[in-house]
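The structure appears right after this line, and notes come after that.
Residue numbers (the UniProt record's numbering), protein chains in the order written: chain L, 1 to 414; chain E, 1 to 320.
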C-alpha cells in the first residue's frame, strides 16, 4: 500500500528493497536484552547528535545501551504503525503531540505512571499536552509555540514599534512593505505548517476549531486574508513552509514573520540579522494570546512479548525528560522546557526568547478538544485557509464549507 | 504467461499406453514437475508482490481500517461505506478531473516535444551524442529534488522565472505560477513535461533508428516533403513504439505523487489535488486507510485498463 503511489520503480531496485525490508523485519523480532531503541524524527543535525548525547547519558544512568532510530517526520507515523502490526515497535517512541492520541486510543501506549515516570509535579500544560482521555501517556521534554519575530534594524529604520494588536499589525506591516520587501511573512500551507500558523489568529479571537463557521473564526480568517490583499504579505505564503518563511526573513524579503523558536539555530548562522520576538498580536489590546503548543512527547509502546522491557523504557523516558535534561535540550534547541522550574531558569538564561516562554503558558494543545479527530479538522482548516487567501472563496464561504466537510467526514467514520 | 502450458511432444504421446507403471508417464510427470519448478519463483514473486497487496487493498476498502487496526488486528467490515463516502465527496470528483487534465496535458507535451527532439537528433551532426546525454538530466534527478528546485524557480516574487520574464518584458506583472488556483495545475503539468521529455525522446529515438533508411530515402526520391514523410512513413512505422511510450507514460503519470507534493502539496485550495495526492492524504494524513484504499483501487483500475491495452498492442507488435 505504502509504495504503490511512488513514481514507478524502474526495475529491480524496489524488489530488492522489498526483500531486504522483509528480511530486516524478520531479524528485528528478537531484541537484544541490553539494547534499547528510541525512534524519533530528529534526522537533522545538530539535533540528531544532541539527541544521541542525551541518550548516551541516559543509557549510562539506566545501565543499558540506547540506540537512536531517526526517520523523517512525515514517515514516522506510517512506519510506527507498520512496526505495530509486526509487534516490532521500538522501546520508546517519540511522537508529535498531535499524533499521540491516535496511538493512545489504539491501546498501543503504556500509561507513564505505570512505568515509573514521575507525574506528580507536572504543570497543567504538560499534563494536557501529554495526556489523552485523562491518562498521561506522553512526557514532553520541551514545547514550542509561535511568536512574531521582527528585524530590529528595519523596524528602527522605519521608526515603528513591534505591533501588539491586529490593527497595529496591519498598519505596521503596510508601513514596512517596500519594493521587494513584504511587511510580514507567514506560512499558509494547507498542511500542518499553515494550519499551525492560523491557530493563533483563530484562538486569540475566541474562535474554536469545533465551530469553524462561527463569526469569531470568520473574522480571524478575514484578518489574515486582508494582510494578503493589502499586499503586506506575499501571496506565495500558500506555498511556503515555516522554513521557507524563515528563509524569506533572512533574505530580507520580509521585515516580520510568524515563526517558532526552533528557527533560532538557523537564524544564528546569520549574525548580521538583529532580530527580536514578541507574542503574536491579539485582536484588541488586553486580549490573551492563545497559540498552539507544538512539540513531541516520549511514549512507551505496549510490549506484549517483553513486558519487562517497558519499565526500563520508562526509566529512559524519565531520564530524557528530567528537568535538567529539559533545560539542556531547550537551551540547545531553543524550545521551552515544560517543567515550570526549568522554564524559569530558561527565561533567565535566554531572555531574548522569553516571549515564547510566556506564550507557552497560555498556549493550548491542538488535540485538547477533538482528540484523534484533529487530522480531519486540520485538513478542513488548511483547505479553507487556502481557498480564502487565493480568493477562491470568501472567508465565510470557505469556513462554512470546512465545517460541513468536517461533519460529513466524521459522520462517515462513526 | 503464455509459456506456462506444457505441450507434450507427439513422440512421447505415441509411446505411452496410459498405465501408471509406465516409465514414459513417470518421465512425463518428472518433466511436468521440473517445468513447474522453473516457473515457481516467478509465480511466488507475483503472488507475494502483486496479488497479495492488490487483494489486501481491495479488501481494505471495505473495512474500517484505522490506526487501532495495526495494534489489534481488528478491522470491521463496513460494506460500501468507504466507497460511498469517497465517491460522494466533491474532492474526489475534483481529483479525478485534475488527474485527467494532468495526465493528458503531461502526455501531450512530453510526447510532442520528445518526438521533435528525437527527430532532430536522428539527423547526424557534431556533438549530437553529448547533447542527447545532457537532455537526459531531468530524468536522472529524483522527483522530490526536481519539485523542490522548481518550487523556488516558480515562486511568485523571488522565483527566477518571473524575474526573467519581467526582465525580458514578456509579462507586465509577476505570474502566480504556484500560488493561484488558476495557474497551479498548469505549472505542475509544465514541470512534469520537463521531467518526462527525456523518456519520450530516448524511446522514440530508438524507434526511429529501427526504421530502414532506404524507405525514407525512397520517399524523398518520390518527392515527399517533411510532413508528408513524417505522417505517411515515419509515424505509421513507429506505431508500436508510440503505443508503448504513451501507455507506459500514462501509467507512470496517472499516479504521480511526490512531484505534486513537493511543488504544491495538492494546493492551493486543492487546485492540484489528484487521485495520487488524495489517497496519500486520506491514508497518511487523515489515517483513514479504508477510504485511502478506495481511491487507490480506483487508480489501480484505471492503470489496469491501460495495462491491458499495452499488452494487446505489444502482442500485435510481436505477431508482426
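Ideal Cβ placement from N, Cα and C applies to all residues, glycine included.
For clarity, every value in this text was computed on a predicted model and none was experimentally measured.
Where DSSP assigns a beta bridge to residue i, which residues make up the other side?
i                     : result
residue 165 (chain L) : L:282
residue 295 (chain L) : L:143
residue 93 (chain L)  : L:39 and L:299
residue 150 (chain L) : L:256 and L:276
Could you check what DSSP says for residue i in three-state terms: helix, strand or coil?
i                     : result
residue 150 (chain E) : helix
residue 273 (chain L) : coil
residue 84 (chain E)  : helix
residue 69 (chain L)  : strand
residue 267 (chain E) : coil
residue 210 (chain L) : coil
residue 40 (chain L)  : strand
residue 109 (chain L) : strand
residue 288 (chain L) : coil
residue 178 (chain L) : strand
residue 27 (chain L)  : Residue confidence for residue 27 (chain L) is low, a pLDDT of 45 falling below 50, so the modelled location carries little weight and cannot support an answer.
residue 287 (chain E) : coil
residue 254 (chain L) : strand
residue 205 (chain L) : coil
residue 188 (chain L) : coil
residue 64 (chain E)  : coil
residue 233 (chain L) : strand
residue 366 (chain L) : coil
residue 21 (chain L)  : Confidence at residue 21 (chain L) is low in this model, with a pLDDT of 46, below 50, so the placement of that residue should be treated as unreliable; the coordinate-derived value is given next. Residue state, collapsed to three classes: helix.
residue 336 (chain L) : strand
residue 167 (chain E) : helix
residue 159 (chain E) : coil
residue 249 (chain E) : helix
residue 183 (chain L) : strand
Could you work out which residue in the options is closest to residue i when comparing CA atoms only?
i                     : options                       : result
residue 146 (chain L) : L:252, L:301, L:253 and L:187 : L:187
residue 202 (chain E) : E:175, E:136, E:280 and E:131 : E:136
residue 362 (chain L) : L:280, L:323, L:312 and L:376 : L:280
residue 87 (chain L)  : E:73, E:77 and E:83           : E:73
residue 162 (chain E) : E:231, E:147, E:187 and E:88  : E:187
residue 255 (chain L) : L:50, L:169, L:79 and L:303   : L:169
residue 178 (chain E) : E:266, E:82 and E:87          : E:266
residue 158 (chain E) : L:271, L:328, L:252 and L:119 : L:252
residue 67 (chain L)  : L:360, L:209, L:48 and L:96   : L:48
residue 364 (chain L) : L:292, L:160 and L:340        : L:292
residue 259 (chain L) : L:276, L:344, L:313 and L:104 : L:276
residue 155 (chain E) : E:145, E:87, E:130 and E:184  : E:184
residue 366 (chain L) : L:31, L:75 and L:144          : L:144
residue 416 (chain L) : L:137, L:118, L:113 and L:31  : Past the edges of chain L, shown from 1 to 414, lies residue 416 (chain L), and the structure says nothing about it.
residue 319 (chain L) : L:266, L:196 and L:118        : L:118
residue 368 (chain L) : L:403, L:80 and L:126         : L:126
residue 40 (chain L)  : L:70, L:300, L:312 and L:303  : L:70
residue 323 (chain E) : E:222, E:228 and E:204        : As shown, chain E starts at 1 and ends at 320. That puts residue 323 (chain E) outside it, with no answer to give.
residue 150 (chain L) : L:328, L:264 and L:162        : L:162
residue 393 (chain L) : E:181, E:213 and E:312        : E:181
residue 84 (chain E)  : E:168, E:64, E:47 and E:108   : E:64
residue 346 (chain L) : L:311, L:358 and L:331        : L:331
residue 119 (chain E) : E:226, E:268 and E:264        : E:226
With a Cβ-Cβ cutoff of 8 Å, do residue i and residue j count as a contact?
i                     : j                     : result
residue 142 (chain L) : residue 338 (chain L) : yes
residue 211 (chain E) : residue 234 (chain E) : yes
residue 234 (chain L) : residue 185 (chain L) : yes
residue 67 (chain E)  : residue 287 (chain E) : yes
residue 198 (chain L) : residue 399 (chain L) : no
residue 224 (chain E) : residue 60 (chain E)  : no
residue 240 (chain L) : residue 223 (chain L) : no
residue 336 (chain L) : residue 360 (chain L) : yes
residue 296 (chain L) : residue 97 (chain L)  : yes
residue 260 (chain E) : residue 277 (chain E) : yes
residue 220 (chain L) : residue 378 (chain L) : no
residue 86 (chain E)  : residue 295 (chain E) : yes
residue 246 (chain E) : residue 111 (chain E) : yes
residue 189 (chain E) : residue 92 (chain E)  : no
residue 288 (chain L) : residue 395 (chain L) : no
Would the beta-carbon of residue i be found less than 7 Å away from any heavy atom of the ligand MG?
i                     : result
residue 369 (chain L) : As presented, the structure is devoid of all ligands, the ligand MG included, so that no description of it is given.
* Hey, which unbroken runs of the alpha helix (DSSP H) at 4 residues or more fall wholly within the segment 116–148 of chain L? -> 124–130
* To do: Counting only runs of 4+ residues fully inside the segment 289–320 of chain E, write out the alpha helix (DSSP H) ranges in chain order.
  => 289–319
* alpha helix (DSSP H) runs contained entirely in the segment 71–124 of chain E, provided each spans 4 or more residues -> 81–87 and 90–121, all fully within the segment 71–124 of chain E.
* Can you check the UniProt region "Disordered" (391–414) of chain L for any beta strand (DSSP E) of at least 3 residues that lies completely inside it and give the ranges in chain order? => none
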